[in-house]
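For reference, the structure discussed in these notes is given below.
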Amino acid sequence: MGTLANHPTALPLSQAARPILAADVGGTHARVALVAQGVDARAPVQVLCHHRYVGAEWPSLAAILHDFLGKHAASAPQGVERCAIAIAGFVLGDSVANSNLPWRVSLSEIRSTLGTDTLEVVNDFEAVAYASQFVDRTEATTILPGQPADPRSPVIVMGPGTGLGSAVLLPGAPHAQVLSTEAGQIALAPGDEVETGIWRILARSRPYVSYEAIISGPGLLNTYRAVCELRGGEPSLTTPDAVSAAGIAGSDDAARTALDVFCAVLGGFVGDLAMLYGARGGIFLAGGILPQMREFLLASRFGERFFNKGVMRPFLEQVPVWLVDHGHLGVVGAATLHPGARVGASH
């Protein structure tokens, strides 16, 4: 569901004989890989080996990276050229600020564990956005066809996981630039009476209700519990995966309603981002949740709410929306993101 196209800026392998240790770290999983750049400018980025870790099963990110290098030492006999980490949150001193991570991330601990000073840290969706320019769009799932993407216009990459990430790719020379955003923290705007009722329930337990409070794994569970309360019932499902599975199967009516609200709110939010950034280059939906509900999303109210923007509907009808499996995008983006390509980054 979406593959990496040829990398237009790859270095000859002789100039990068040692692989890059790259990681894409979210609130639930850490994807770690050894990445080698291609033989020439037309060759694809090569993921030599990779593994997905469950973050909560490990004491630290440094321990995960150390374990991975130990298991794949044969793929990097001369060590790694550098370490590049795409991670949810932002760098604040020696730490990464994100309450969704299962442990505190210490950059000095990672440098000491790996024995390197060459450590680059970027926002996870900043990395995915940069890697999106290498995706073969014909192999991604089309959610809304729009018109052919304008290669000169911004591209949005966003998606729900443990949190709600978003970044913008700005095409240009000599390389594209990436704007890292915290769009998931924008205030939630309910679209109907049911969503207004959910908002009121969510507002009881927090001073501020953002889109992430619904459009995320924990948000889907929040929504399901709120739907149960609105209907005077007791929730029986306890995890986002269970809510998603029951909603897709139609075995729990409250779960199905929660999933419908999730997709509708997502459509409205994505439409807002498309207008905000003038995203005629298209929108990639990524994250860890959406590929699991692909068929439900295609049949949902996503498109209805995406287009429901008054006089802006004709513009939005031009914007293509694709669903792409997160896969290796984060590690590829972390490994290839040019330092000068970051706009407004907090790293």
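The working numbering numbers the first residue of the sequence shown as 1 and each following residue consecutively. The C-beta atom is built at its ideal place from N, Cα and C for all residues, glycine as well.
THR162, buried or exposed, once every other Cβ within 10 Å from all chains shown has been counted against 16 = buried
Buried or exposed (CB count within 10 angstroms, at least 16 for buried), VAL261 | buried
Given that a residue counts as buried once 16 or more other Cβ atoms are within 10 Å of its Cβ, and exposed if not, what is TYR130?
-> buried
Excluding the 5 residues preceding and the 5 following LEU273 in the sequence, name in chain order all residues of the same chain whose CB lies nearer than 8 angstroms to its CB.
-> ILE156, MET158, SER166, ALA183, ALA279, ILE283
Determine, using beta-carbon pairs with one atom in the region 208-223 and one in the region 239-246, whether at least three such pairs fall under 8 angstroms.
-> yes
Which parts of the region 165-235 are runs of the beta strand (DSSP E), unbroken and 3 residues or longer, counting only runs that do not cross its ends?
-> 177-180
Supposed contact pair VAL265 and PHE348 - C-beta distance, whole angstroms, cut 8 angstroms = In the structure as shown, the chain starts at 1 and stops at 347, and residue 348 therefore has no counterpart that could be examined.
Alpha carbon to alpha carbon, how far is ALA30 from THR336?
-> 18 angstroms
Considering only residues of the region 236-310, which uninterrupted alpha helix (DSSP H) runs meet the minimum length of 4 residues and lie entirely inside it, listed in chain order?
-> 240-249, 253-277, 294-298, 302-307
Within 10 angstroms of its Cβ, does PRO174 collect 16 or more other Cβ (buried), or is it exposed?
-> exposed
Does the Cβ of LEU329 have 16 or more other Cβ atoms within 10 Å, making it buried, or fewer, making it exposed?
-> buried
Using only alpha-carbon positions, find the residue among TYR211, ARG206, LEU188, ALA84 that is nearest to ALA33.
-> ALA84
Separation of VAL331 from ALA22, as counted between CA atoms = 5 angstroms
Touching by the beta-carbon criterion (3+ pairs, under 8 angstroms), the region 55-64 and the region 196-210 = no
Go ahead and label ASP124 buried or exposed: buried means 16 or more other beta carbons lie within 10 angstroms of its beta carbon, across all protein chains shown.
-> buried
Specify the secondary structure class of SER99 as computed by DSSP and reduced to three states.
-> coil
Is GLY217 near GLY267, with beta carbons less than 8 angstroms apart?
-> no
Leaving out the 5 sequence neighbours to the left and right, which residues in its chain are closer than 8 angstroms to MET275 when beta-carbon positions are compared?
-> LYS309, MET312, PHE315, LEU316
Would you give the residue range spanned by the alpha helix (DSSP H) that VAL105 belongs to?
-> Premise fails: VAL105 is in no alpha helix (DSSP H) and is neither H nor E.
Coarse secondary structure for VAL135, derived from DSSP in three states = strand
For LEU290, which of VAL324, GLN318, ARG301, GLY281 has the nearest alpha-carbon?
-> VAL324
Tell me THR141's beta-bridge partners as DSSP assigns them.
-> LEU323
Put LEU70 into one of helix, strand or coil per three-state DSSP.
-> It should be noted that the sequence gives Gly, not Leu, for residue 70. Three-state DSSP puts GLY70 in a helix.
Continuous beta strand (DSSP E) stretch holding PRO148: start and end = It is not in any beta strand (DSSP E) - PRO148 carries neither H nor E in the DSSP assignment.
Expressed to the nearest angstrom, what Euclidean distance is found between the alpha-carbon atoms of ARG206 and GLU234?
-> 21 angstroms
Note down the Cα distance separating ILE20 from VAL35, rounded to an integer number of angstroms.
-> 5 angstroms
What is the rounded straight-line gap between the Cα of GLU120 and the Cα of ARG231?
-> 49 angstroms
Roughly how many whole angstroms lie between the Cα atoms of SER60 and SER106?
-> 9 angstroms
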